[in-house]
Every structure is written in structure tokens, then in C-alpha cells.
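Worksheet for the structure shown next.
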Amino acid sequence: MPTNLLLSISVKYWQDFQDTLAKVMDANIYIFDVNGGSFSRFSRPVELCQEVNKGGKICNEKCIRFYKSALGSLEDKGILTCPYGIKLYAYRLGTYAQKIGFLIITPTRIRTQVGGEEENTFVTKACSIYQTINEVLKAILEKNLLGLRRLELNSIYEISRLLTSTVELDKVLDLITNSLVIIYKAELVFVGLREGDKIRVAQAKGEYGHLLIGREWPMVQPLIEQVFSKVEPSSLSIEELMTLPGLTGLEVAPGNEIMVYPLWTALGAVGLLGIVLPLSMDDDGSRNLQIYANFAAVALANAKLIRRLEIEAETEFLTGFFNKRALRNRLVEELERITRYGTPLSVIFLDIDDFKTYNDTFGHMAGDIVLQKTAEIIRNSIRLVDIASRYGGEEFVIILPGTEKEGAVAVAERIRKAIETYPFPHRQVTVSLGVASAKRNDSVDSLLARADQACYQAKRQGKNRFCLDPS
Amino acid sequence: MSEPIENQIERYETLLREMWTASAKYLGMFSVKLLVERVVWELSLEYREIELLEYDQDGISCARIAASLKKNPDLPVDDMFAKFTTRYLKILARLLGHEKTEKIAKKLNEEFGRIPFDSKGE
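So the sequence lines, in the order shown, correspond to chains L and P. All the letters of the first sequence, read from the start, carry residue numbers 158 to 628 under this note's numbering. All the letters of the second sequence, read from the start, carry residue numbers -15 to 106 under this note's numbering.
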């Protein structure tokens, strides 16, 4: 929103209104913007002005300089004399809070000698013109602001509906940041999520948004502590904002307002919302933004909770691997991929040898350590794209997308050797592995059954080895 | 001979539809609708007729603007739509970054060459 909303009025519509008023009042009217630049044209031709300025707008250099200087020092109103001797009745337009521009009124007929009574009559007329124009402009300002408020409220309504029904965290983050940039033409919007003892910037939009995404700020960082020490937003200077680590290169234009909202819910701090606005908010705007921040906090808390539940539902607690259900879901996706693209896929079934005896002899705590260490060795032996899971008690399944049987055999042997040579507590631990490559018509069950069968073969052949599915 | 006004409006409607579709791909329907609403509001302070632009989940239509032009043929349609596009792209650049926005603008400019696209300034 520009400081001077007058500039958002159609000059054409305004000029029609101004000319009609000037005609009715038999006076010449023109308007300057807050910086002393011409806004509207002369409403009535003034002979001398026509000669000097060659048209309806001020273009004579001497006049331009005069108006910039004279209007810059005008308090509320004054009588000025232009460089060519024309008496001008000047008024400041707008309110104390919202300055709009300047109004100049002159008689249509320039006379050097004007009687006192005639002058008084014109001053009264000028005052009436000023009051009329100022009231119209204030009404337009109000209308413009109401339009913005309506936009804000409509958006808050729509967003509150969507935020409370959308549970995908990425979508919620996009909704929050996009909407704020759109409604307020914000230069920058960022959302930081609380992750334990730090805030991590999860989404940011605006010219410098890319600088912020992924930044981490400890909860004990003084500025973060200050933000979370209260419920209300903190208004920051650029210098204060720059005390946060990793913001080198960030620029904020002078006069912009930087607000950081702590996002609280009944469960505690969810994160923070930062916004850099081109202008200061009035009370209504601040209240609307606070309502928005409250909705954002609830939506983010819901989405975070859902994501955590989803992760927990798929994760096996002891090893951090996928559980059996998640593994089967991933395998369905991978099998669809080989049907569609014909890429290879292999699976390794791994079983810890004599694990029951180990557990019975050294206790379940020791058994858990073996499971955890085995998982760690598997994790270190596979690529990021591979998918490892704990399938059952001492059984693990590893999906190797894009891998032929030769590659899968190499991975199986690498894991076997790493476990055989690892100094587990109490005694050596070994594993047996079965390797199977997917066929075009394989189902999850058929592929796993073949890998399991190969593993069983490895056990029968003496354990601590791998076997390849022969089919 | 100048282009008939109906054809002009039809061309602008196609342009706005292309912009709508290209932005929705990145932003989603909700944000695009909000963006159009924002630009319409801002521009309506200068051109009241832009409030006649219809848009919802199904897309965007200039039918009511075309109808109003029959009563007010002096409306500077080119200026109005040029400002709409420029303001739209300026906000879009903050959401998607200049690179993606320029790509959208370039594609639109190839098809609708008369619109001055510049996402960095008006």
C-alpha cells in the first residue's frame, strides 16, 4: 500500500471532479502530491500560467523549484506568491497521520489590485473548496483502507478454513507465507519451526527468502529468547534482526517494518513468524495479523503433530528403520516403478544367526544392542536411496532400487563381513542373507518369499553366508 | 484499422487464463485466487471496471468487462490490463523468485507481445 493513497486514484476521474468543482466555484484548482510533484492539472486556464507553463501542468523549472520548496515548509495552510506574482492559497491535504498532498487555489482572473472585501470573499471560497476536497479525499482514503481490511478479513476467513483442514506441513507453510506476501505485499515472510532447543527456518518467501531457508537459531540466542519472552510480536530494527546467525547479505529497505510473532499454542511454542512490511501497520492491521498468526500457530502445531504421528507409525523404535508395514508400502511403490520403467530392483533378507541363544544367554538388553549395532552397520553399508527395515524379531529387509543381482550380492557380502568382524559384546555375531531380484510380475509377497527362501538356504548351508535366489 | 474491442478483451482473457494456469502450477489454486483478488482490489482504485473481472476455482472471465465496455468505450483497456499484469507479476516474483517469474513472463510475452512484462518494477 503506498504511503500516499491519492496516487492510487484514477487521475482521470479525479480531474473530472476537480474541474467541475472549479467551474462551480469559479476558481482555479490544482493539486500536488506529498513530495511537491504535480498530481492534477489546472482546472481553469490562467493566462499568465498558460504562457509560462504551456499547458495544464507545472513544467516551468522556476515554478517547479518554487512549489517544491514552498510546499515542503507549509504547515497547514498559507498564502504564497508564485515567482510570476500570482497569489496562491495553499492547503495541506489529509490528516496528521496520513498526509495526502497539497491543494492550490487561485482566482481565475489575476488582478494586481484586489480590494479587501473581494479578497475576504475569495479566502472564504477557497476555504470551502479546501474543506470539500479534503473530505472527499479522506473518504477515498477510508474506502481504500476498508477495501484492504475486507481483503484481509476475507483472506483470514479462507485461510482459517484451509489451515485447520490441511494437515500436510509443507502445504501449511506455503499457505502462510504466500498469503502474507500477497495480502501485505510483504518484502519477506519466514516461518521458523521449533525443533527441540532450536528454531529452524522451514519456509521463507520474498527476494531474500532463499537466504533464510534452513537457518537454525538456538532457543537461547538472545533475540530468539526476547521473541519468546512474550505473547505479543516484537518489532525489530534491521540491526537487531541481523544478530541472528546466517543472515549475511540480507537487505531491508529503510522505513520497512520488521515484525516477529512468536507462535504459541496451548502445548507451548511451535515456532515463529517473521514479516517485513513496506509500511507500519495501524492498530486494525496489527490485530488482523495477530489473528492470522494465531491461526498459523494452530495449523502448524496440527501439521507437525500429524507428521510426527505418521513418522512414528512407520518407524521401528529400537533401530529407527522402517517397520514391516512401511516396508511393504515402499516395496509396492518400487514394484510399480519396475513395471512402469523396467528398472532393476533387488531385495536382501537378513537374519541374525543364533540370536535366540544370544538373547537367552546374555539377556534382552544385550540382544537389543546387537539389533541396534546391526542396524547401524546396515545403514553404513547402503546408499541413501536404499530402504532398510526391521522386518521381525532379528530379521531385516533391505530394498535396493535400480540394483541388479550382482550389485545386491556385493552389498550383502559387505554387510556380512562388517558384522562378522565387528566386536559385539560377549561373542562374535554373524548373519545369513538371501538375495532376490524382482521379476516383472512379482508381488510384494512373492519377492519377499524368494528372498526369505534364499536366506533359509544360507542357514541350511552353515550360516554366516549369503545365498542368491536361483529363479 | 484498430482491433475490435471484443477481440481485444478476448485476447486479454486468454492472457489472464494463461497467467492463472502457469501460476497455479507453482502456487496452488488458493494462492492464485488470493493474488488475483489482491491485484483487482489495488487496481480498482484506478479502474473501477476491473472489479467486473470474474474468477473462481474454475478460472477467470472478462465477460462482464466486455459488456461494460459497450457502455463506456473510452475505458483505457490496454493500460488497465498492462497494469494488472505488471502488478500481478511483481507479487508473483516475491513468491516464486525472479527466475521462475521471468520464465512465465517470457512465455506469455511470446504469445501476447504487447504487454510490457517486468516483474522487477512497474
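Don't be surprised by glycine CBs; every beta carbon is placed ideally from N, CA and C.
Who are the near neighbours of residue i in its chain, counting only those whose CB is closer than 6 angstroms to its CB and skipping five residues on each side?
i: L:G251; result: I257
i: L:S443; result: none
i: L:T289; result: none
i: L:Y548; result: K481, V554
i: L:A595; result: I495, L502, L604
i: L:Y248; result: K234, L260, Y287
i: L:N486; result: none
Using the rule of at least 16 other Cβ atoms within 10 Å of the residue's Cβ for burial, across every protein chain shown, is residue i buried or exposed?
i: P:D56; result: At residue 56 of chain P the sequence reads Asn, which differs from the Asp that was named. The residue in question, P:N56, is exposed, as its Cβ has fewer than 16 Cβ neighbours within 10 Å.
i: L:T334; result: buried
i: P:M13; result: exposed
i: L:V191; result: buried
i: L:R573; result: buried
i: L:F279; result: buried
i: L:K461; result: buried
i: L:V489; result: exposed
i: L:V427; result: buried
i: L:L163; result: Confidence at L:L163 is low in this model, with a pLDDT of 41, below 50, so its placement is unreliable and the value that follows should be read with caution. That one is buried.
i: L:G591; result: buried
i: L:F474; result: exposed
i: L:D508; result: buried
i: L:G412; result: exposed
i: L:R607; result: buried
i: L:N301; result: buried
i: P:D58; result: exposed
i: L:G524; result: buried
i: P:N(-9); result: exposed
i: P:V24; result: buried
i: L:P627; result: exposed
i: L:A611; result: buried
i: L:N161; result: Confidence in L:N161 is poor, its pLDDT being 42 and thus under 50, which makes the residue's placement unreliable; the coordinate value appears in the next sentence. Counting Cβ neighbours within 10 Å, L:N161 comes out buried, since at least 16 surround it.
If you drop the 5 nearest sequence neighbours on each side, which residues of the same chain put their C-beta closer than 7 angstroms to that of residue i?
i: L:C239; result: C220, F223, L245
i: P:T85; result: L73, L76, A77, S103
i: P:L179; result: Lying before the first or after the last residue shown, residue 179 of chain P is absent from chain P, which here runs from -15 to 106.
i: L:Q172; result: S197, R198
i: L:K362; result: T334, N335, V338, V346
i: L:L326; result: A460, K461, R464
i: P:W4; result: V16, G43, I44
i: L:I448; result: I313
With DSSP collapsed to three states, give me the class of residue i.
i: L:I243; result: coil
i: L:S538; result: helix
i: P:A47; result: helix
i: L:K620; result: coil
i: L:T422; result: strand
i: L:D190; result: strand
i: L:N291; result: helix
i: L:D510; result: coil
i: L:S195; result: strand
i: P:D40; result: strand
i: L:K461; result: helix
i: P:G105; result: Below a pLDDT of 50, predicted positions are generally treated as unreliable, and P:G105, at 46, falls in that range; no measurement from the model is reported.
i: L:I505; result: strand
i: L:Y248; result: strand
i: L:S603; result: helix
Is the beta carbon of residue i less than 8 angstroms from the beta carbon of residue j?
i: P:E(-1); j: P:L73; result: For the sequence presented, residue -1 of chain P should be read as Leu rather than Glu. Not in contact: P:L(-1) and P:L73 (Cβ atoms no closer than 8 angstroms).
i: L:D599; j: L:L484; result: no
i: P:R1; j: P:F96; result: no
i: P:Y112; j: P:K54; result: Because chain P in this structure spans residues -15 to 106, residue 112 of chain P falls outside the shown range and cannot be described.
i: L:V260; j: L:I188; result: Inspection of the sequence shows that residue 260 of chain L is occupied by Leu rather than by Val. Yes, these two residues count as a Cβ contact at 8 angstroms.
i: L:F623; j: L:V566; result: yes
i: L:I215; j: L:S200; result: no
i: L:L420; j: L:A470; result: no
i: L:S503; j: L:A575; result: no
i: L:G403; j: L:R357; result: no
i: L:D510; j: L:N621; result: yes
i: L:V433; j: L:E561; result: no
i: L:L369; j: L:E397; result: no
i: L:T476; j: L:L528; result: yes
i: L:L319; j: L:L332; result: yes
Kindly list the residues whose CB is nearer than 8 angstroms to the CB of residue i, restricted to its own chain and excluding five residues on each side of it in sequence; keep chain order.
i: L:T472; result: F478, F479, N480, A483
i: L:S394; result: I415
Practice task
Return the residues of the region 3 to 25 of chain P that lie within a Cβ-Cβ distance of less than 8 angstroms from chain L, sorted by chain order.
Solution key: Listed by position along the chain: L11, G12, F14, S15, L18, L19, E21, R22, W25.
Problem - Contact residues within the region 63 to 93 of chain P, judged by C-beta distance below 7 angstroms to chain L - result: Going along the region 63 to 93 of chain P in chain order, one finds I75, R78, L79 with a Cβ nearer than 7 angstroms to chain L.
Practice task
Return the residues of the region 293 to 308 of chain L that lie within a Cβ-Cβ distance of less than 9 angstroms from chain P, sorted by chain order.
Solution key: Per Cβ criterion, the list reads I297, K300, N301, G304, L305, R307, L308.
Problem - Chain-ordered residues of the region 336 to 357 of chain L with a beta carbon less than 8 angstroms from chain P - result: Within the region 336 to 357 of chain L, the qualifying residues are S336, V338, I339, I340, K342, A343, E344.
Exercise for the section: Quick one: which residues of the region 311 to 322 of chain L get their C-beta closer than 9 angstroms to a C-beta of chain P? List them in chain order. Expected result: Those residues of the region 311 to 322 of chain L placed with their C-beta closer than 9 angstroms to a C-beta in chain P are N311, S312, E315, I316, L319, ordered along the chain.
Handout entry: Contact residues within the region 30 to 41 of chain P, judged by C-beta distance below 7 angstroms to chain L
Key = Taking 7 angstroms as the Cβ-Cβ cut-off against chain L, the residues of the region 30 to 41 of chain P that qualify are E30, Y31.
Handout entry: Members of the region 355 to 376 of chain L near chain P, C-beta cut-off 7 angstroms
Key = Hits within the stretch, in order: K362, G363, E364.
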